[in-house]
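Chemist:
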Amino acid sequence: GGEITPDKLIVLGQVAKKYSLYTKITGGQRVDLFGAQKQDLPAIWKALVDAGFESGHAYGKSLRTVKSCVGTTWCRYGQQDAVGFAIFLENRYRGIRSPHKLKGGVSGCTRECAEARGKDFGCIATDQGYNLYVCGNGGTTPRHATLMASDVPQELAVKYLDRFIMYYIMTADRLQRTSKWLDALEGGIDQLRRVVMEDSLGICATLEEQMNFLVGTFECEWKKVIESPQLMAQFAQFKNTSETQKEIHMRTERDQLIPKFVVRANGSESSQSPALAAGTDEMEWVAFGNKDLFDANGGGAVLYGASQLAVFNVTEICNGIEKVSWYATQNMCPFDQSFVLAQGILGDLDGRPKVACPMHKRNYDLADGSCLSGDDLRLETFRAKEEDGVIYVLLPPAEVVDARLATAKFIGSDGDSPTSASTAPETAAAPASLEW
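The C-terminal position of the sequence shown is numbered 461 in my numbering, with every residue numbered one higher than the one before it.
Right, here's the structure in full:
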């Protein structure tokens, strides 16, 4: 609902200062803290959880926030307690996973300061209750929500919302927003009213029961992480050492730190040069830790000299027999030089194991490093194996790898200039249709 106490505001400021985070108020009445290092997240969230904060679920297909105006509490036009109702709905639906993200809004009068008609569900107060709107959204194709019911008492509005959200969860396709779901629903809003308000399918009791079950399963996922050493270990920057590396330089603007983007030529040196393994005869099997450090069908970053590598475990079940293959590549995606490939999504293309970069979805062959997305890019790849429970990678000497892949070569330095509109990389350019 956007409500926060002074003490919690102070904690947000203290955490942001301690970890040098960029802070911004969002349109959804949240506070964003940008620039956190992955390895710092457990400590950051411990400070926030200890102060009474909970997981915001901005990372999941779930409820984001229920935006509110100040309602009757502070506004002479207010018809209902918009903040109180918004907080109630937010607490009720928090953490519930759905086919796509959900956003809500509660406005205290028809002046609509909470923009409830631009949300997946919205309540606009009247002197008799709430007008209930559903299936709106912003985004690339904005859509006003559709009126489902008028002058609904608050208790009944909650029942209708429970049924609506649960019906959406049970029948929508994955990644289908409520607006697209309503478009595809045979009978449209009239059918939705019949199901939710008139119980035409005889399932309302079941939908309410299912929603009550989901409400009762809520847990703060970050609290769970900071109470579990095993989960906290997943946030270490590297699997083989407690050392850390800076992956991006920052600059100051408007009294806050923001990323310093460095002008570079398209692609990277490593994507254009001959393979490292072809340039030396001094190859050695280097140990990077126990195999249990690496999740099945997942990756992990390791530090070798001053370079970041990614080790991948590809596990398949063939005729009931488990087959495990190990691969190693550079951790930097050559498309935009972000050190993220170890966090990529594994899969295969026509039987070829691949990793999809989590930043821009470029796909790379894990065996030979070639880009499967049509770009003239290539990863450095290295042979990897498991022996007696330990993972080994066949590598040239560290100084040879560092000459090509050292992290510092790609993140710039304090002397670099930030990009400007005239020198920004091609990937940041505006579409031709928007240029003068």
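Even for Gly, the Cβ is constructed at its ideal location relative to N, Cα and C. These figures come from a predicted structure and were not determined experimentally.
Using CA coordinates, which residue listed in M191, N322, Y47 and V183 is at the minimum distance from G147?
Modeler: The count along the sequence shown starts at 1 and reaches residue 147 at position 122. Ranking the options by Cα distance to G147, first place goes to V183.
Chemist: When DSSP labels each residue in this structure, what does F243 get in the three-state scheme?
Modeler: Translated into the one-based positions of the sequence shown, residue 243 becomes position 218. Three-state DSSP puts F243 in coil, outside helix and strand.
Chemist: Could you tell me which of P284, F189, L239 and Y158 sits nearest to R122, measuring between CA atoms?
Modeler: Taking the sequence shown and counting its residues from 1, one reaches residue 122 at position 97. It is L239 whose Cα lies nearest to the Cα of R122.
Chemist: Let's see if you can read the secondary structure: which residues bound the alpha helix (DSSP H) around D75?
Modeler: The residue labelled residue 75 in the question sits at position 50 within the sequence shown. D75 -> alpha helix (DSSP H) spans L66 to D75.
Chemist: Helix, strand or coil: how does DSSP classify I50 here?
Modeler: What you label residue 50 is simply residue 25 of the sequence shown in a count that begins at 1. Here I50 sits in strand by DSSP.
Chemist: What's the gap between the Cα of T30 and the Cα of G109?
Modeler: As a working mapping, residue 30 is identified with position 5 in the sequence shown. As a working mapping, residue 109 is identified with position 84 in the sequence shown. Roughly 14 Å between the two C-alpha positions.
Chemist: Ends of the beta strand (DSSP E) at Q281?
Modeler: In the sequence shown, the residue the question calls residue 281 occupies position 256. Start and end: Q281 to P284.
Chemist: Which whole runs of the beta strand (DSSP E) in the segment 353–402 are 3 residues long or more, in chain order?
Modeler: The segment 353–402 contains these whole beta strand (DSSP E) runs: 370–374, 377–381 and 388–390.
Chemist: Based on Cα-Cα distance, which residue from T432, M173 and I251 lies nearest to I273?
Modeler: One-based indexing of the sequence shown puts residue 273 at position 248. The residue with the shortest Cα to Cα distance from I273 is T432.
Chemist: Rounded to the nearest angstrom, how far is the Cβ of F337 from that of V327, given a contact under 8 Å?
Modeler: Position 312 of the sequence shown, counted from the start, is the residue given in the question as residue 337. Position 302 of the sequence shown, counted from the start, is the residue given in the question as residue 327. F337 to V327, Cβ: 11 Å. No contact.
Chemist: Here's the rule: buried if 16 or more other CB atoms are within 10 angstroms of the residue's CB, otherwise exposed. What is T354?
Modeler: Locating residue 354 in the sequence shown gives position 329, where the first residue counts as 1. Buried, since its Cβ has 16 or more Cβ neighbours within 10 Å.
Chemist: Got a sec? Which residues, its chain only, sit under 7 Å from D439 by beta carbon, not counting five neighbours each side?
Modeler: By 1-based counting over the sequence shown, the position of residue 439 is 414. Because D439 sits at a pLDDT of 48, beneath the cut-off of 50, its placement in the model cannot be relied upon, and the point is left open.
Chemist: Ordered along the chain, which non-local residues of its own chain (more than five positions away) have a Cβ less than 7 Å from that of R142?
Modeler: As a working mapping, residue 142 is identified with position 117 in the sequence shown. Cβ within range, chain order: Y158, G161, H169 and A170.
Chemist: How far does the beta strand (DSSP E) with I112 in it extend, from its first residue to its last?
Modeler: For the purposes of this step, residue 112 is taken as residue 87 along the sequence shown, with counting starting at 1. Careful: I112 lies outside any beta strand (DSSP E), inside the alpha helix (DSSP H) at A107 to Y118.
Chemist: Name the residue from I149, I283, Q368 and W206 whose alpha carbon lies nearest to the alpha carbon of M191.
Modeler: As a position in the sequence shown, residue 191 is number 166, starting the count at 1. It is W206 whose Cα lies nearest to the Cα of M191.
Chemist: By Cβ distance below 6 Å, which residues in the same chain neighbour A23 in space, the five residues on each side in sequence not counted?
Modeler: Summary: the structure shown does not reach residue 23, with the chain confined to residues 26 through 461, and so no result is reported for it.
Chemist: Nearest to G53 by alpha carbon, out of Y193, E211 and A83?
Modeler: Reading the sequence shown from its first residue, position 28 is the one you call residue 53. Among Y193, E211 and A83, the Cα nearest to that of G53 belongs to A83.
Chemist: Let me confirm a value: M195 is counted as buried when at least 16 other C-beta atoms fall within 10 Å, else exposed. Which label applies?
Modeler: On the sequence shown, residue 195 is found 170 positions in, with the first residue counted as 1. Exposed: under 16 other Cβ atoms inside 10 Å.
Chemist: Report the partner residues of G323 according to the DSSP bridge assignment.
Modeler: The count along the sequence shown starts at 1 and reaches residue 323 at position 298. For G323, which the question treats as bridged, DSSP gives the partners N338.
Chemist: Could you tell me which residues DSSP pairs with Y158 in its beta bridges?
Modeler: By one-based count along the sequence shown, residue 158 stands at place 133. According to DSSP, Y158 bridges with G147 and L172.
Chemist: Mapping DSSP to helix, strand and coil, what is Y12?
Modeler: Residue 12 is absent from the model: the chain starts at 26 and stops at 461.
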